[in-house]
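Chemist: One structure, pasted below without further comment.
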Amino acid sequence: MSSKTLQDEFPIHWLVWDNDFRGIEKELSNNKSNYDVDQKDPRGRTPLHLAVVLGHLESARTLLRHGANTLAENKGYWSVLHEAVCTGDPELVQLVLENRDYQRYSKRTVGVPDLLKRLKESPDFYVEMKWEFTSWVPLVSRMCPSDTYRVWKSGKSHWSRFHSVL
1 MSSKTLQDEF PIHWLVWDND FRGIEKELSN NKSNYDVDQK DPRGRTPLHL
51 AVVLGHLESA RTLLRHGANT LAENKGYWSV LHEAVCTGDP ELVQLVLENR
101 DYQRYSKRTV GVPDLLKRLK ESPDFYVEMK WEFTSWVPLV SRMCPSDTYR
151 VWKSGKSHWS RFHSVL
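In this text, residue positions in the sequence shown follow UniProt numbering: the first is 1, and each later residue adds one.
Written as structure tokens, this is what we have:
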């Protein structure tokens, strides 16, 4: 691929390569811009992957401010955090970790209101889940955990009772 083709097809990657974080900010802030902040290049890297691999902290900060996905993996199944650790830059690792934790939390909690609504509308129920860990090694099975979870819902309340027995 020629450099012109790369610049046209992967404009954010191009700006990251040059560590032009002001240009990244300008492009991603432009309302007319249709750039995907998580677009992957031919090697499967997002602009954030590239910024981290190159150690471009300000470019990484800018991409994260615009919602770049820290959970994305490249073609080699390396996450952004894997790449950050390999740089040996503690500030970059901390930046990626903080944003990864925030994105994980946000992803988990986004469905809670809908779940509570569905739970309130559902009929009464009772569920019991049991599991046991065993081993073929003598005496080890006695030390393996087992557990039972009981969940029941009664009435229109959001409250359900969860009971665990070891």
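We treat Cβ as the ideally placed atom computed from N, Cα and C, and that holds for glycine.
All values reported here derive from a predicted model rather than from experimental measurement.
1) Provide the residue span of the beta strand (DSSP E) that contains W131, from first to last.
2) For T46, which three-state DSSP category applies?
3) Kindly give me the distance between the Cβ atoms of P42 and E27, rounded to whole angstroms, as I take these residues to be in contact under 8 Å.
4) Below 6 Å CB to CB, which residues in the same chain sit around S146 once its five sequence neighbours on both sides are set aside?
5) Using the C-alpha atoms, what's the distance from R100 back to L166?
6) Run through the DSSP bridge pairs and tell me what W78 is partnered with.
7) Among C86, K75 and G44, which residue has its Cα nearest to the Cα of L54?
8) Given Q103, which residues of its chain have a CB within under 8 Å of its CB, disregarding the five upstream and five downstream residues?
Modeler: The relevant details are as follows:
1) For this step, residue 131 is matched to residue 131 along the sequence shown. Here the beta strand (DSSP E) through W131 covers F125 to E132.
2) For this step, residue 46 is matched to residue 46 along the sequence shown. If DSSP states are grouped into helix, strand and coil, T46 belongs with coil.
3) Here residue 42 corresponds to residue number 42 of the sequence shown, with the count starting at 1. Here residue 27 corresponds to residue number 27 of the sequence shown, with the count starting at 1. Rounded, the Cβ-Cβ distance is 20 Å, inconsistent with contact.
4) Counted from its first residue, the sequence shown places residue 146 at position 146. Around S146: E132.
5) On the sequence shown, position 166 is the one that residue 166 refers to. On the sequence shown, position 100 is the one that residue 100 refers to. With a pLDDT of 49 at L166, under the threshold of 50, the predicted position of this residue should be treated as unreliable, though the coordinate-derived value follows. Their Cα atoms are separated by approximately 33 Å.
6) Residue mapping note: residue 78 aligns to position 78 of the sequence shown, counting from 1. According to DSSP, W78 bridges with nothing at all.
7) Residue numbering aside, residue 54 sits at position 54 when the sequence shown is read from its first letter. Closest by alpha carbon: C86.
8) Mapped onto the sequence shown, residue 103 falls at position 103. N69, T70 and L71, listed in sequence order.
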